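Read top to bottom, the protein sequences are chains A and B.
Numbering-wise, our numbering puts 1091 at position 255 of the first sequence, and it's gapless, one number per residue.
Numbering-wise, our numbering puts 1183 at position 347 of the second sequence, and it's gapless, one number per residue.
Protein chains: 2
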Amino acid sequence: MEAEIKMNINTLESTSTHPALLGSLSPSVAPEKVINFSPGPTSLPKAVEKQIAASFNNSGFTSLALSHRAPEFLKILNHTLATIRKVMEIPDNYELLFTHGGGHGQFAALPLNLCHHHSDTATYVVNGTWSARGRDEAQKYCNVETIDGKDKRTGNYTNFPVLSEADIDPQSKYVYLCSNETVNGIELHRLPKLPESRRHIPLVVDASSDFTTKPIDWQGDGVGVLFACASKNIGHPGLTLVVIRKDLLGKDKASPLCPGVFNYTINSEAGNLWNTPATFNIEVVGFLMDWLERQGGVVANERRCIAKSQVLYNVIDNSNGFYGTPVSNKVLRSRMNLPFNIKGGDQQLTDKFLIKCWERGMVGLRTLTPFGVGDYLRASLYNGVTEEQATSLADFMRCFANENG
Amino acid sequence: MEAEIKMNINTLESTSTHPALLGSLSPSVAPEKVINFSPGPTSLPKAVEKQIAASFNNSGFTSLALSHRAPEFLKILNHTLATIRKVMEIPDNYELLFTHGGGHGQFAALPLNLCHHHSDTATYVVNGTWSARGRDEAQKYCNVETIDGKDKRTGNYTNFPVLSEADIDPQSKYVYLCSNETVNGIELHRLPKLPESRRHIPLVVDASSDFTTKPIDWQGDGVGVLFACASKNIGHPGLTLVVIRKDLLGKDKASPLCPGVFNYTINSEAGNLWNTPATFNIEVVGFLMDWLERQGGVVANERRCIAKSQVLYNVIDNSNGFYGTPVSNKVLRSRMNLPFNIKGGDQQLTDKFLIKCWERGMVGLRTLTPFGVGDYLRASLYNGVTEEQATSLADFMRCFANENG
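See below:
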């Protein structure tokens, strides 16, 4: 493998207009050879993509054409919900809702559902880009108290703060956290326990980028609400899953200002049909959940996620500083999104790395987010990336370091 | 044709558990023979469905996997926006936004964007189910004044009210209307003019079920905002198009309570990428717009819509009362959704009609909405239904009337 990817970087003309540097996902290799390391939206497992393609073949009537009130769609909806519940072992006292608006929609929906009054308090644990965005949006709708995990020395998020009794108002309507920060590369491999005197407060979890990649102890961890946009691990953009403990639902619980499409209670009462749900997106999530079940469920998936990320962290840690990653606390390193730089962020080498990757079909490593990650590249290892594909990148990284170290 | 669809209804066992009566879209005919008269989500034109299928074939990298920041997606986005603008002749002083949350999301988004203060007034013209839903949601966010079109005698919506100066507060932030009421079968074939003294007020149009089926005089009609969910005429569920006059955008115009995902200004400033848009849904809208352009644009499409609906209204009007439709004012009859009953709503005949239709592949005529339409069936004739398909239903209806009249 490594012999195959030998290269002579001296022959390479680095240019900022090279497609690889503009984030192109279309290298000149055969499409089936593309490995998509994008932070999302991104590829689904090949088996799922084939199932989607098959659903459009040999048929004059596609699933896109299904009315959300037709029995054919209700079967898809119920199957998808049941499989999520089964695979993720979600207890009966939780409701599953499919909502609109992505993760950002939920940033508003959460306080609007859980804080009836504008003066209600919610506690936000901020340890990266997404929890900060969630907190900022919530400030429109409630009194927000922040537990900030920023490293005061570096100004970066490289840790998860201690959750101490003193920092959590006992009247807080919920404690919010993001279990995987895609930009910062920080992941909670298990949800934290709140201090004993605060365990009456429901935990709200943004699991948009790590749902299905590790088990969740729903009751034990005190999860009140967990949400996941579909476009990382479970589907494609336009759908967000919300799992909510049923005691948090109820007439008059939400703010009177909560838009109907975001109101958990009315959507629950309407069986996910208060307005037209994203029917096809729901079908795709069902395909993904079937695949996950065939692959051995969430425990087996966690093993794969550990293996995929470990093969890359090993290369980084054994590169004698050629590669760097901002998260030194290994317990917090994300299995989903691995930020890394090359020789401390050397621009020319980084460009060469990206172009050589792209020529081999490895795309999505330079991401053009509005949030900025300095000179860091990112390898994202969602459900669509196989162990073999992660190993291909690791092999290439080792080879590149050997040649340019 | 009529000979072909002769039947003996006496051999038919009517039963409420027949799939046709449960809204099944899967008759036993070949899938390519299914004609989908569903009020939406529903079928797209065959050419568009084929293009979608093709996009999944012979490729290991599907459009579902595209990052919204990849140049490949930006090309799709820009092409789609440009084609909508071209086909619908939208002037440069209007912005096009792709939003989440369906039509119901816009019911909240509109007052939240156009009324900065809760005390601001908006005028709602209510002449059917959807304008009533829009009005109800708006009442959370502003002071709503209603111009009600209900027929005081029958309690039904069968007319569009006169828009008189006295009924429109000159300070009103906007005048809202729904240009096609799917449940009630009322359509404005051209947008109404506001009284001259009220023409400074922007018109807000819910065109969810008739966008692309007739030209719009954007400036002349004083359109401030027009929105259309995708799942009727232009795509599939999970995406809503908003066309907004640029002078209605601007920092601090929206209510401070407007969720970011609904905020027109920040989504405009972010070039439709403030959060992850429904990428694949946008691609499908692009396919539809390309198709529309190939079919001769919106003027030619209007001719087809007139022809498709006329062939059915002719059968109804010439059936000597066998078929009835609630909208006697022909000028207001919807070309999109034709509610009709059989012998005044005869249950047994209606069931027989539905079953016979279903056996011939004609589905979606009984719709199980939460709104109720009495004993009325509905034939919906969106862009996915061809003139030939509308004629098939007309032929069948004539035949059924002859045999059972």
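Cβ atoms here follow ideal geometry from the backbone N, Cα and C, with glycine treated the same way.
Since the model is a prediction, treat every value here as computed from it, not as a measurement.
The Cβ-Cβ distance between B/Leu1039 and B/Gly1058 falls below 8 angstroms.
The C-beta distance from A/Leu1229 to A/Phe873 rounds to 7 angstroms, short enough to meet the 8 angstroms contact threshold. Cβ-Cβ separation between B/Gly938 and B/Pro1073: approximately 7 angstroms, consistent with a contact (criterion under 8 angstroms).
Annotated three-state conformation of B/Tyr960 is strand, per DSSP. The beta carbons of A/Thr919 and A/Glu1119 sit no closer together than 8 angstroms. Listed as beta-bridge partners of A/Ser1216 by DSSP are A/Asn1173. Cβ proximity to chain B below 8 angstroms picks out Glu973, Lys976, Tyr977 from the region 966-996 of chain A.
If the five residues before and after B/Leu1174 are omitted, its C-beta is found closer than 8 angstroms to the C-beta atoms of Gly1021, Ser1145, Leu1148, Tyr1149, Ile1152, Thr1161, Arg1214, Ala1215, Ser1216, Leu1217, all from its own chain and listed in chain order. Per the DSSP secondary-structure output, A/Lys986 pairs in a beta bridge with A/Tyr993. In this structure, A/Thr1186 is the residue among A/Phe1176, A/Thr1186, A/Ala974 with its C-alpha nearest to the C-alpha of A/Ser852. Rounded to whole angstroms, the gap between the alpha carbons of A/Gln1183 and A/Ala856 is 14 angstroms. Taking the beta carbon of B/Val923 as reference, no residue of chain A falls within 8 angstroms; the closest one sits roughly 21 angstroms away.
In the pairwise beta carbon analysis, the region 954-967 of chain B is classified as touching the region 1008-1020 of chain B: at least three pairs are separated by under 8 angstroms. The DSSP-derived three-state label of B/Ala1064 is strand.
Taking C-alpha positions only, B/Val1041 is separated from B/Val1167 by approximately 19 angstroms. Distance from the CA of B/Gln975 to the CA of A/Ser864, rounded to the nearest whole angstrom, comes to 55 angstroms. In the structure shown, B/Leu1077 falls within a strand segment according to DSSP collapsed to helix, strand and coil.
Sequence-distant partners of A/Glu1138 (beyond 5 residues in either direction) whose C-beta falls short of 8 angstroms from its own C-beta, in its chain, are Thr1049, Lys1050, Pro1051. Around the beta-carbon of A/Asp1046, 16 or more other beta-carbon atoms lie within 10 Å, marking it buried. By the neighbour-count definition (other C-beta atoms within 10 Å, threshold 16), B/Ala1002 is an exposed residue.
Assignment of beta-bridge partners to B/Met1198 by DSSP yields B/Ile871.
The three-state secondary structure of A/Ile1037, taken from DSSP, is coil. Rounded to whole angstroms, the separation of the alpha carbons of B/Ala883 and A/Arg1169 is 48 angstroms. Between the alpha carbons of A/Ile871 and A/Pro877 lies a distance of about 14 angstroms. Taking the Cα positions, A/Gly1071 is about 30 angstroms away from A/Leu1093. Residue range 1133-1153 is occupied by the alpha helix (DSSP H) that includes A/Val1151. In the DSSP assignment, B/Thr935 falls within the unbroken beta strand (DSSP E) covering 930-935. Of all residues in the region 1086-1100 of chain A, the ones placed with a Cβ closer than 7 angstroms to any Cβ belonging to chain B are Pro1092, Leu1093, Pro1095, Gly1096, Val1097, in chain order.
For chain A, the residues of the region 881-898 of chain B that bring a beta carbon within less than 7 angstroms of one of its beta carbons are Glu885, Ile888, Ala889, Phe892, Asn893, Ser895, Gly896, Phe897, Thr898, in chain order.
Put simply, the CB of A/His915 is far from chain B, with every gap to its CB atoms at 8 angstroms or more.
Between the alpha carbons of B/Gly1122 and B/Arg1202 lies a gap of roughly 30 angstroms.
Pairing B/Gly1157 with B/Met1233, the inter-Cα distance amounts to about 13 angstroms.
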